[in-house]
Structures are given as structure tokens and as C-alpha cells.
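Right, here's the structure in full:
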């Protein structure tokens, strides 16, 4: 496996905007190690192993910090504003139109855990779209009716056949988060038809 492919695997779960900036930086570092290894054959394997160890440690530390910052942001500035800032950060580094509707979403009635879950599910799905869908536009709908929070994500990407496509880390994480709130995840997609993801979460009030 190529070093830069291993970097992709390591950082798949992080903030989408941070992922692409970080990936470029880590790829550059990895390539420097490889160039050095080419001219110093006797230490090539050692150099590659050391570079991956350093990169792995750096990514894990960034993940820890990212998780802490997410909780802090959602609690300090509110879920809606945190989601808008996430989208703005993505659009700084990727040319993609992301529309967001939260008209019927009274976040004040939600507890901290479900707010964090909603944020992370949106984060996971946007990461999936950026990495795999080749989409130019995404529509996000977030609303609450009774005790049910619903998130819908629709993109115009390349799509896939859900019956043939192996679940990746992102969808697995989304499903796991939804299950913590007796939620459900449905996917409507086909090759060339984009993808629609629907996630429902049960709230206490």
C-alpha cells in the first residue's frame, strides 16, 4: 500500500475541511521521507516506518483535539451556528455548493448528547460526499417533529448501488451514532443518480 493511501485511511473520520488541508501537509511530509529514502537505500524501510509512526501519532492527537473542540463549539455557539461554520470551512477548501435548511429545528429543546450526534452525523456524511461522491451540490435538511429529529442529505454525485456497495467507515459510524438514539438510517442511491441519506433520531422531548 502506498504511504499516501495509508494517510487517507488514518484521517477518514476527521473534520472534512481539516482533512483535506491536513492530507496535503502530511502527503508532502511523506513524500520528503520517500525522496530521502530513495537516495539512502540502506535506511529506506526504517525511514518509511518512522514517517508513518510520526504521521499516525500526529493524526491521533489532532483527532483528540478535534473531538474536544466539536463539543466546545456546539455548546458555546450552538448547534446551528456550529453546522454553518463547518460548511463555511469546507467551502474554503472545496468547490461545492452546500445548501442548509433548519427552519423547523428548535435546538434549545435538545440535550447535549443528541446535539453532538447530529453534528457528527452531518460531519461524517459531508466527509463521505467529499471523498467518494464527486458531487458539486449538496442539500441538507434538518428538522424536528414531535420527538423525532430528521436529517436528510441529498447530493448530485456519482451514486452507487447500496445492495452491492460495502459499507464504509463513514456510514458505519453514522449508523452507530443513530442507534444510540433508537434511530434509523436509510440510503436511496443508484449509479449516476446521486445519493439521498435519511437519518432519524428519537429525542426525550
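Residue numbers (the working numbering): 5 to 209.
Backbone N, C-alpha and C define an ideal beta-carbon position, used for all residues, glycine too.
On a predicted model such as this, the values are computed, not experimentally measured, just so you know.
- In this structure, residue 125 sits near residue 203, with a CB-CB distance shorter than 9 angstroms.
- As a beta-bridge residue in DSSP terms, residue 200 pairs with 158, 192.
- Under the DSSP definition of a beta bridge, residue 149 partners with 152.
- Take residue 91, set aside five residues on each side of it, and the residues of its chain with a beta-carbon closer than 7 angstroms to its own are 102, 104, in chain order.
- Pairing residue 190 with residue 152 gives a Cβ-Cβ distance that is not under 9 angstroms.
- For residue 134 and residue 93, the gap between their C-alpha atoms comes out near 13 angstroms.
- Minimum Cα-Cα distance from residue 168 among the listed residues 146, 177, 193, 161 corresponds to 193.
- Under the criterion of beta carbons closer than 8 angstroms, residue 177 and residue 128 qualify as touching, at roughly 5 angstroms.
- The C-beta separation of residue 162 from residue 196 comes to about 7 angstroms, placing the pair in contact by the 8 angstroms criterion.
- Here residue 111 really is in contact with residue 119; their C-beta atoms are around 7 angstroms apart, less than 8 angstroms.
- Between residue 122 and residue 96, the gap from beta carbon to beta carbon reaches 9 angstroms or more.
- Between residue 148 and residue 185, the C-beta spacing is not below 9 angstroms.
- Annotated three-state conformation of residue 140 is coil, per DSSP.
- In its chain, beyond the 5 residues on either side, 189 have a beta carbon closer than 6 angstroms to the beta carbon of residue 179.
- Exclusion of the five residues before and after residue 200 leaves 158, 192 as the residues of its chain whose Cβ lies within less than 6 angstroms of its Cβ.
- Residue 184 sits in coil when the DSSP states are folded into three classes, being neither helix nor strand.
- For the pair residue 83 and residue 155, the CB atoms are not nearer than the 9 angstroms cut-off.
- Around the C-beta of residue 198, 16 or more other C-beta atoms lie within 10 Å, and the residue is accordingly described as buried.
- Residue 79 is positioned such that its CB atom lies closer than 9 angstroms to that of residue 116.
- Within the same chain, Cβ atoms closer than 6 angstroms to the Cβ of residue 141 are found at 101, 160, the five residues on either side in sequence being excluded.
- Assignment of beta-bridge partners to residue 80 by DSSP yields no partner.
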